[in-house]
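Below you'll find the structure, written out as structure tokens, and then a few comments.
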Amino acid sequence: MPESLVVLRHCEDVLLELTSCCGLRSAQQRVSSKATFTLSIRPSQGSVKAGAWIFSSIGRKCRPEESGLLSQLLMLSTPGQLWGFIIVTLFAPTWYFTANGHQRADAGSPAHAEHSFARQLTLGGVPQFFEVTPKLYRGGQPTAEGFDSLARMGIGIVVDVRGSRKHERDVVTKLGMEYVPMPWHCPFPKDKIFARFLTLLRQNRQKKVFVHCRLGDDRVGMMIAAFRMAEQGWTADEAKQEMRAFGFKPLHHLICLGLSRYETNFPRKYKTSPAFQNLRATEESPNSPQR
Numbered sequence: 005m006p007e008s009l010v011v012l013r014h015c016e017d018v019l020l021e022l023t024s025c026c027g028l029r030s031a032q033q034r035v036s037s038k039a040t041f042t043l044s045i046r047p048s049q050g051s052v053k054a055g056a057w058i059f060s061s062i063g064r065k066c067r068p069e070e071s072g073l074l075s076q077l078l079m080l081s082t083p084g085q086l087w088g089f090i091i092v093t094l095f096a097p098t099w100y101f102t103a104n105g106h107q108r109a110d111a112g113s114p115a116h117a118e119h120s121f122a123r124q125l126t127l128g129g130v131p132q133f134f135e136v137t138p139k140l141y142r143g144g145q146p147t148a149e150g151f152d153s154l155a156r157m158g159i160g161i162v163v164d165v166r167g168s169r170k171h172e173r174d175v176v177t178k179l180g181m182e183y184v185p186m187p188w189h190c191p192f193p194k195d196k197i198f199a200r201f202l203t204l205l206r207q208n209r210q211k212k213v214f215v216h217c218r219l220g221d222d223r224v225g226m227m228i229a230a231f232r233m234a235e236q237g238w239t240a241d242e243a244k245q246e247m248r249a250f251g252f253k254p255l256h257h258l259i260c261l262g263l264s265r266y267e268t269n270f271p272r273k274y275k276t277s278p279a280f281q282n283l284r285a286t287e288e289s290p291n292s293p294q295r
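Just so we're aligned, residue 5 is where the sequence shown starts under this note's numbering, counting upward by one.
Encoded structure:
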């Protein structure tokens, strides 16, 4: 997929998350299927007023208990990061990002002499589909055809990091697979999510697991990076190389504030965070099937 389209679709995804958490349906409807924004803002208002309009509109619609994501974004972001996010969200459709400036690494390129990146496969209805190990797969949001393809190839568990969604649960379970929601927003990774994911993998070593977000890049990239570091002994730098190869580009650092820093600090978090205590206590042999 062209770099420019990936960026636009990713900005769309973040805006949809922000608006959907607050029930701002009309704002969601203003995001077209082609990832172009048609916000009702006059050009004369300028970027500052436009950005303020988005956040004030969302804020007015949010009930206090629903506005956690927006509040965290406002409180935890530096002014530069926040305005970078606003500018990207508003004006990405008018920018042109050349693929030459951000070369994608080959899927089979080694992150290190002993390590290889996930292997890209073709599976109908599943974008960005990669085999991490013979038991672990990653990708973007599957279509109905995609879920059928996953079931036919023997996937036993589908991990959805976008949310707990009834329609997907019904489709997945009807096909005989287990649906496991693990929702989180890319600007705010949480230890407990990755602890749940790693625990799921350890407890289901004989099953094939497929994990997906919407586009198959940032959130899924961090899930796989956590697996690489905790289960396969990769360094943070090696795991980040794979994230970059599969979509975590420099611009995404603005969209997913804090994700790169979290990935860098993950080895320390894994050793010290209470969320990973049970995993540390049950460390298994390097010869286990998932390793």
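For every residue, glycine included, the Cβ atom is placed at its ideal position computed from N, Cα and C. Every value quoted in this text rests on a predicted model; they were computed, and no experiment measured them.
- Looking at the backbone, the Cα of G262 and that of P278 are separated by about 20 Å.
- Judged by DSSP in its simplified three-state form, T203 adopts helix.
- In this structure, the straight-line span from the alpha carbon of G158 to that of A240 is close to 31 Å.
- Two segments are said to touch when three or more pairs of C-beta atoms, one from each, lie closer than 8 Å; by this definition the region 162–171 does not touch the region 231–248.
- In this structure, the alpha-carbon of D152 lies about 7 Å from that of L179.
- By the criterion of a C-beta distance shorter than 7 Å, E172 is surrounded in its chain by D164, Y183, once the five residues flanking it on both sides are discounted.
- Nearest C-alpha to P138 among R265, M247, K273, A122: A122.
- Taking all protein chains shown into account, L140 has 16 or more neighbouring C-beta atoms within 10 Å of its C-beta and is therefore buried.
- Separation of I259 and V130 (C-alpha to C-alpha, rounded to the nearest whole angstrom) is 24 Å.
- In this structure, the CA atom of H189 is about 14 Å from the CA atom of S264.
- The continuous beta strand (DSSP E) containing E135 extends over residues 134–137.
- Its chain contains G129, V130 as the residues whose beta carbon lies nearer than 6 Å to that of G150, once the 5 sequence neighbours on both sides are disregarded; these appear in chain order.
- In this structure, DSSP gives H171 a helical state, which the three-state scheme calls helix.
- For P271, the enclosing alpha helix (DSSP H) stretches over residues 263–276.
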